[in-house]
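The structure appears right after this line, and notes come after that.
Residue numbers (the numbering used here): 1252 to 1595.
Following this line, the structure appears as structure tokens:
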């Protein structure tokens, strides 16, 4: 009895960059407030709904029937009242989450990462909460259609500075405009957070496959996992054409150094000249997936990049025995491959 009553559970609040320990016999809101987390709340007795939060992972014991306060849609989406919930396992909560918000943002800087990828830093009017791996829609008034870009850094509490990686697509209206000059100071509209691509908790090895600016969400979720002390083995295959298309190598070296388990970063070049000094892997990243990860069937996979690469990687992983429900992916589409997809 005493052991169970005094048991502590880890509770992570995505978007707040905080993880705390909460006893099994204490409600989540009270414990979080006592430990300094600024969570939205009001009545504290389960009648106002201000503290509603989405249960991303884990189990809770609800002290009252939340159906009187939460809508059927919210219940289907696993919203709970944290003032009336106690942990029954380790938890991941999206506290105070109310869906994507549109607000103004200003370009702070743009820095070249490769010959066709730049780092774009924005400053928003209000803090943005998101999970590492998610993305935002950027809208420039004179261009029209919004463009989607993944966050390239893990979230920080109450942050208003956001980082993205943008690849130049010649003929693309937004990237032609962005790469033509320094656009610092330009205002645009940002809608975030979007997407369900983020690292799920578990014990299985983590397998990542990315290409081009698909580096951004993979880098962000791995850096967040390192910050959280995740100790699962990682293999990360990154596909590029030539050496000049490689980037974030120092960040990958740092992850390799600080990761709590084995961490393999394997860049794969498909068009590097044969007479170059490159001694690493060559060919298609999906071919190397077979060679380097024969036991991929026991992993959790995270894929980011162009649709062709993603689809080929999914086929290989399924051949290797990985169930499709353990494959998470984010296809990076532009106007050209969107048209191709719509024509299929």
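Ideal placement from N, C-alpha and C gives every residue a C-beta, glycine not left out.
From the DSSP output, in three-state form, read off residue i for me.
i: residue 1541; result: helix
i: residue 1363; result: strand
i: residue 1462; result: strand
i: residue 1267; result: coil
i: residue 1331; result: strand
i: residue 1561; result: helix
i: residue 1275; result: coil
i: residue 1290; result: coil
i: residue 1594; result: Low confidence applies here, because residue 1594 scores a pLDDT of 40, under 50, leaving its location unreliable; read the following figure in that light. Correct three-state label for residue 1594: helix.
i: residue 1358; result: strand
i: residue 1388; result: strand
i: residue 1412; result: strand
i: residue 1371; result: strand
Return the Cβ separation of residue i and residue j in integer angstroms, given the expectation that the two are a contact with Cβ distance under 8 Å.
i: residue 1515; j: residue 1486; result: 5 Å
i: residue 1556; j: residue 1462; result: 4 Å
i: residue 1558; j: residue 1582; result: 5 Å
i: residue 1404; j: residue 1417; result: At roughly 14 Å, the Cβ-Cβ gap does not stay under 8 Å, so residue 1404 and residue 1417 are not in contact.
i: residue 1387; j: residue 1400; result: 6 Å
i: residue 1267; j: residue 1284; result: No, residue 1267 and residue 1284 are not in contact; Cβ-Cβ is about 13 Å, not under 8 Å.
i: residue 1361; j: residue 1435; result: 7 Å
i: residue 1244; j: residue 1472; result: For residue 1244 there is no data in the structure shown, the boundaries of the chain being 1252 and 1595.
i: residue 1346; j: residue 1333; result: 7 Å
Determine the contact status of residue i and residue j, defining contact as a CB-CB distance below 8 Å.
i: residue 1279; j: residue 1357; result: no
i: residue 1303; j: residue 1330; result: yes
i: residue 1352; j: residue 1309; result: no
i: residue 1491; j: residue 1524; result: no
i: residue 1498; j: residue 1444; result: no
i: residue 1484; j: residue 1512; result: yes
i: residue 1488; j: residue 1439; result: no
i: residue 1335; j: residue 1314; result: yes
i: residue 1476; j: residue 1549; result: no
i: residue 1493; j: residue 1452; result: no
i: residue 1218; j: residue 1554; result: Nothing about residue 1218 can be reported from this structure: the residues present for the chain run from 1252 to 1595 only.
i: residue 1376; j: residue 1460; result: no
i: residue 1372; j: residue 1412; result: yes
i: residue 1398; j: residue 1430; result: no
i: residue 1269; j: residue 1408; result: yes
i: residue 1339; j: residue 1295; result: no
i: residue 1496; j: residue 1365; result: yes
i: residue 1359; j: residue 1374; result: yes
Would you tell me roughly how many angstroms separate the C-alpha atoms of residue i and residue j, rounded to the nearest one?
i: residue 1369; j: residue 1505; result: 21 Å
i: residue 1551; j: residue 1437; result: 40 Å
i: residue 1307; j: residue 1264; result: 10 Å
i: residue 1532; j: residue 1575; result: 27 Å
i: residue 1466; j: residue 1274; result: 38 Å
i: residue 1469; j: residue 1570; result: 23 Å
i: residue 1441; j: residue 1298; result: 33 Å
i: residue 1458; j: residue 1577; result: 10 Å
i: residue 1480; j: residue 1509; result: 10 Å
i: residue 1277; j: residue 1301; result: 19 Å
i: residue 1258; j: residue 1520; result: 50 Å
i: residue 1396; j: residue 1363; result: 24 Å
i: residue 1292; j: residue 1584; result: 39 Å
Could you give the residue range of the alpha helix (DSSP H) that holds residue i?
i: residue 1380; result: Segment: none, residue 1380 is in no alpha helix (DSSP H) and carries neither H nor E.
i: residue 1425; result: 1424-1431
i: residue 1344; result: No alpha helix (DSSP H) contains residue 1344, which is instead part of the beta strand (DSSP E) from 1342-1346.
i: residue 1502; result: 1500-1509
i: residue 1279; result: 1279-1285
Taking the continuous beta strand (DSSP E) assigned at residue i, which residues delimit it?
i: residue 1485; result: 1485-1491
i: residue 1405; result: Note, residue 1405: premise wrong, no beta strand (DSSP E); not H, not E.
i: residue 1518; result: 1514-1520
i: residue 1440; result: 1438-1445
i: residue 1531; result: No beta strand (DSSP E) contains residue 1531, which DSSP labels as neither H nor E.
i: residue 1553; result: 1551-1556
i: residue 1581; result: 1578-1582
i: residue 1338; result: 1336-1338
i: residue 1303; result: 1303-1308
i: residue 1312; result: 1311-1313
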